[in-house]
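Residues 13 to 133, numbered by this note's numbering, are exactly what the sequence shown covers, in order.
Think of the CB as a built atom: it goes at the ideal place given N, C-alpha and C, for glycine as much as any other residue.
Just so you know, these numbers come straight off a predicted model, no measurement behind them.
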Amino acid sequence: LCFGMLSEEQQREMGEAAGRAAAQEALGRASSMAREGFASAKSYVTNSPTSLRVMCFCLGGATFVIYVLGLFNIFGVLYPTEYTLNIFVMLFGLLTMILEANPAWINSTKALKLLYHHAFF
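Dropping the structure here:
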């Protein structure tokens, strides 16, 4: 088929159809690749390799220490919301450390068993 024999309208319609088909094919490939990527990332995080656990434990500890030091800010007396935020984030860092701790420790402590049972995420 020669494009010279088709009207301008027919050429435009054929171009649009080809563009739609190419876009749908590209979208299908991109979505399948994204699914594969998310599945492998989920598998990596779910299996929780030791290096990831250690990194999260250390970052939770750093968060805890930084916000404990923030409680000693004498200029913060004028801003009670700053103290409230420091306490909240400090507890979050502590919780991160607890959740990323050695799994063998969880079986030895009743409180940690309760935490894992009722706050599983």
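Check residue i in the structure and name its three-state DSSP category.
i, result
"S19", "coil"
"L169", "In the structure as shown, the chain starts at 13 and stops at 133, and residue 169 therefore has no counterpart that could be examined."
"L83", "coil"
"A53", "helix"
Go through its chain and collect everything with a Cβ distance to residue i's Cβ below 6 Å, but skip five positions before and after it.
i, result
"N98", "Y79, G82 and L83"
"A33", "none"
Have a look at residue i and residue j and give me their C-alpha separation to the nearest angstrom.
i, j, result
"V101", "G40", "42 Å"
"E94", "L107", "20 Å"
"L126", "A116", "15 Å"
"T75", "L103", "9 Å"
"E25", "G31", "10 Å"
"E21", "P61", "59 Å"
"K54", "Q36", "27 Å"
"S19", "A38", "29 Å"
"M45", "A51", "10 Å"
Which same chain residues, not among the five before or five after residue i, have their C-beta less than 7 Å away from its C-beta?
i, result
"F69", "M109, E112 and A113"
Looking at residue i: is its Cβ nearer than 8 Å to the Cβ of residue j?
i, j, result
"G49", "G72", "no"
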